[in-house]
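Input: a single structure, listed below in structure tokens.
Protein chains: 2
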Amino acid sequence: MPPLDFEGHKLDHVADLKSPQCRNCDIVREIAFCADLSQDEVKRLATVRCHAALPASYTIFREGDVVDHVYSISNGAVKLYKLLSDGRRQIIGFLFSGDIFGLGTHDGYCYTAETITPTHLCRFTHRKLDSLLEEIPRLERRMFSMAVKDLVAAQEQMLLLGRKTAKEKVATFLIQLSLRAEKAGMPTSSVALPMSRADIADYLGLTIETVSRTFTQLKRDNYIGLPASGHCVLNDWRALKDLAEGA
Amino acid sequence: MPPLDFEGHKLDHVADLKSPQCRNCDIVREIAFCADLSQDEVKRLATVRCHAALPASYTIFREGDVVDHVYSISNGAVKLYKLLSDGRRQIIGFLFSGDIFGLGTHDGYCYTAETITPTHLCRFTHRKLDSLLEEIPRLERRMFSMAVKDLVAAQEQMLLLGRKTAKEKVATFLIQLSLRAEKAGMPTSSVALPMSRADIADYLGLTIETVSRTFTQLKRDNYIGLPASGHCVLNDWRALKDLAEGA
DNA sequence: CGCTCAATTGACGCGCATCAAGAGTAGTGG
DNA sequence: CCACTACTCTTGATGCGCGTCAATTGAGCG
Numbered sequence: 002m003p004p005l006d007f008e009g010h011k012l013d014h015v016a017d018l019k020s021p022q023c024r025n026c027d028i029v030r031e032i033a034f035c036a037d038l039s040q041d042e043v044k045r046l047a048t049v050r051c052h053a054a055l056p057a058s059y060t061i062f063r064e065g066d067v068v069d070h071v072y073s074i075s076n077g078a079v080k081l082y083k084l085l086s087d088g089r090r091q092i093i094g095f096l097f098s099g100d101i102f103g104l105g106t107h108d109g110y111c112y113t114a115e116t117i118t119p120t121h122l123c124r125f126t127h128r129k130l131d132s133l134l135e136e137i138p139r140l141e142r143r144m145f146s147m148a149v150k151d152l153v154a155a156q157e158q159m160l161l162l163g164r165k166t167a168k169e170k171v172a173t174f175l176i177q178l179s180l181r182a183e184k185a186g187m188p189t190s191s192v193a194l195p196m197s198r199a200d201i202a203d204y205l206g207l208t209i210e211t212v213s214r215t216f217t218q219l220k221r222d223n224y225i226g227l228p229a230s231g232h233c234v235l236n237d238w239r240a241l242k243d244l245a246e247g248a
Numbered sequence: 002m003p004p005l006d007f008e009g010h011k012l013d014h015v016a017d018l019k020s021p022q023c024r025n026c027d028i029v030r031e032i033a034f035c036a037d038l039s040q041d042e043v044k045r046l047a048t049v050r051c052h053a054a055l056p057a058s059y060t061i062f063r064e065g066d067v068v069d070h071v072y073s074i075s076n077g078a079v080k081l082y083k084l085l086s087d088g089r090r091q092i093i094g095f096l097f098s099g100d101i102f103g104l105g106t107h108d109g110y111c112y113t114a115e116t117i118t119p120t121h122l123c124r125f126t127h128r129k130l131d132s133l134l135e136e137i138p139r140l141e142r143r144m145f146s147m148a149v150k151d152l153v154a155a156q157e158q159m160l161l162l163g164r165k166t167a168k169e170k171v172a173t174f175l176i177q178l179s180l181r182a183e184k185a186g187m188p189t190s191s192v193a194l195p196m197s198r199a200d201i202a203d204y205l206g207l208t209i210e211t212v213s214r215t216f217t218q219l220k221r222d223n224y225i226g227l228p229a230s231g232h233c234v235l236n237d238w239r240a241l242k243d244l245a246e247g248a
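Protein chains in written order, with my numbering: chain A, 2 to 248; chain B, 2 to 248.
Next up, the structure:
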């Protein structure tokens, strides 16, 4: 994938503010950034945002890049990952509609962000967002509580990576996706798997082969069904949850 | 260890505000909470704090407990951990002087906090701290940036747990302690190891035996020296760092 | 000195990685 | 529409790193 010039707005997939998907963006941002903001505050926020549509497997920024923007996903899916020098990869998180990413330190972003599917993003510069934070104290609260939420999830993932078996890891992953689907108002008994086996493996600290074998095993034991690639049916949610928690 | 009544102030190790170590607490809090607060703001903060001295291996709160306080370590060492139902444990972090802990969600604390060594703590109720956050916006900024710092560290630890070998894990751990010592103004070539091998193992997603063997191996290869229990000398910082990063 | 518990060391086994082959699956162009 | 290509995914055979089990050594403490 040649690096298209997204940051410089020359990418031909970039949509402008008048495009149809921007209305959708407004809706989604209600969920994410602005759930408890007033109409005026939402409008003020809208003045500093920028919208873009990106293809699949598109690198949004790399670990170490200067931190200049915060991103909000309108729709699509994004993965965040860190690399070791020899290419070993750890996926930090999968993000979907309504999720925010782009926090970092003065050393730059601490992970690489890449689209999984074609994705619509909203983007805010840190500079403009900072001045907004002065204006709207509740926005700061909201950013804080989202960072705490991410922190709690990261700690849960540390338990998974350090102490769970392959079977428990995959079960936990499916439960996570199911809970996520529930929050988005989707059915919990069937989850979409837009990411590849390689992505799942790098998220769970396993290899592609082990992930594949574990899926097969869970299917054989009737925990799940795999009707089509990219989809998974959870036959017994409770049993899968117990498996995920090592019971 | 019988559970002493710390929360009800009946613990005989609890020190009051006039005790000598409280002056120390003021100094340390300069580093932690209040680095950029005014004298008045620091004094205001002092009105809502409560101080306690705890013995080693003392459980401060448990995963799932109602979130009512935020804690700041004056001196000593604390470990945070999560448990699976069958007893498998993952240590989320080791905390030292100046560190803050006690964030959580409405579901309660998401980890258990336990002292490693005898420890002096400052404690703030969430309720009082919340009202302070209204008064002192900069305090909210500070809490936010500390949550981000924790998040970045958690993501780095995910890379360690998911993708590093035992040798790389132990090397990374020693480098972490060394960098921490540097920030505290201590020499980087020698680090204190107040925690047990079991704690180190549960932090790195290994067993006691593997940690022990890896220390022995690093010593044999002259990366480190182990002059006395609880101490480790880093003979070649750069080489250890390269090892930690998988080079 | 002797008790207790942490740490080390050794022997062995297992879960997951590695290596390798085969079976879908999707995109491409004639 | 089908062949061709390039993947991704699955499945099998084998190996290794780390876990498990067990015994010994060492350190702190009354």
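No residue lacks a Cβ here, since even glycine has one placed at the ideal position from N, Cα and C. Bear in mind the structure is a predicted one, so any value in this text is a computation, not a measurement.
What's the call for residue i, buried or exposed, on a 16-neighbour Cβ count within 10 Å?
i         : result
Gly247(A) : buried
Lys44(B)  : exposed
Thr217(B) : exposed
Arg24(B)  : Caution is warranted here: a pLDDT of 42 is assigned to Arg24(B), below 50, making its placement in the model unreliable, and the coordinate value is therefore given only provisionally. Counting Cβ neighbours within 10 Å, Arg24(B) comes out exposed, since fewer than 16 surround it.
Leu180(B) : exposed
Gly231(A) : exposed
Asp151(B) : buried
Lys170(B) : buried
Thr173(B) : buried
His121(A) : buried
Val29(A)  : Any reading at Val29(A) needs caution, since the residue's pLDDT is 45, under 50, leaving its predicted position unreliable; the model's value is listed next. Its Cβ being crowded by 16 or more others within 10 Å, Val29(A) is buried.
Thr116(B) : buried
So what does residue i bridge to, in DSSP terms?
i         : result
Gly186(B) : Beta-bridge pairing links Gly186(B) to no other residue.
Ser73(A)  : Ile101(A) and Cys123(A)
Arg45(B)  : Partner(s): none; Arg45(B) has no beta bridge.
Cys233(B) : Val192(B)
Ala54(B)  : His121(B)
Ala114(B) : Phe62(B) and Leu81(B)
Gly94(A)  : Leu81(A)
Thr106(B) : Gly109(B)
Phe225(B) : Residue identity differs from the one stated: residue 225(B) is Ile in this sequence, not Phe. According to DSSP, which records beta bridges pairwise, Ile225(B) is partnered with Leu235(B).
Does residue i have its Cβ less than 8 Å from a Cβ in chain B?
i         : result
Tyr59(A)  : no
Thr106(A) : yes
Lys220(A) : no
Lys80(A)  : no
Gly206(A) : yes
Gly247(A) : yes
Lys242(A) : no
Arg89(A)  : yes
Cys26(A)  : With a pLDDT of 44 at Cys26(A), under the threshold of 50, the predicted position of this residue should be treated as unreliable, and no value is reported.
Ala114(A) : no
Cys233(A) : no
Arg30(A)  : Confidence at Arg30(A) is low in this model, with a pLDDT of 45, below 50, so its placement is unreliable and the value that follows should be read with caution. Closer than 8 Å: no.
Val171(A) : no
Lys184(A) : no
Val212(A) : no
Val192(A) : no
Counting only beta-carbon atoms, is residue i nearer than 8 Å to chain A?
i         : result
Met187(B) : no
Phe145(B) : yes
Met196(B) : no
Ile93(B)  : yes
Tyr72(B)  : no
Val49(B)  : no
Ser86(B)  : yes
Glu249(B) : It is not possible to answer for residue 249(B), since the shown part of chain B is limited to 2 through 248.
Lys1(B)   : Because chain B spans 2 through 248 in this model, residue 1(B) falls outside it and cannot be assessed.
Lys83(B)  : yes
Ala54(B)  : no
Ala167(B) : no
Ala199(B) : no
Tell me, to the nearest whole angstrom, how far the beta carbon of residue i is from that of residue j; I am working on the premise that it is less than 8 Å.
i         : j         : result
Tyr59(A)  : Leu81(A)  : That pair is no contact at about 14 Å.
Leu46(A)  : Leu133(A) : 7 Å
Thr126(B) : His70(B)  : 6 Å
Leu241(A) : Leu175(A) : 6 Å
Lys83(A)  : Ile93(A)  : 6 Å
Lys129(A) : Val49(A)  : 4 Å
Gly109(A) : Gly65(A)  : 4 Å
Ala78(B)  : Thr118(B) : 5 Å
Would you list, in chain order, the members of the segment 119 to 139 of chain B that have their beta-carbon closer than 8 Å to a beta-carbon of chain A?
-> Pro138
Any residues in the segment 151 to 164 of chain A with a beta carbon nearer than 7 Å to a beta carbon of chain B? Which ones, in chain order?
-> Asp151, Leu152, Val153, Ala155, Gln156, Gln158, Met159, Leu160, Leu162, Gly163 and Arg164
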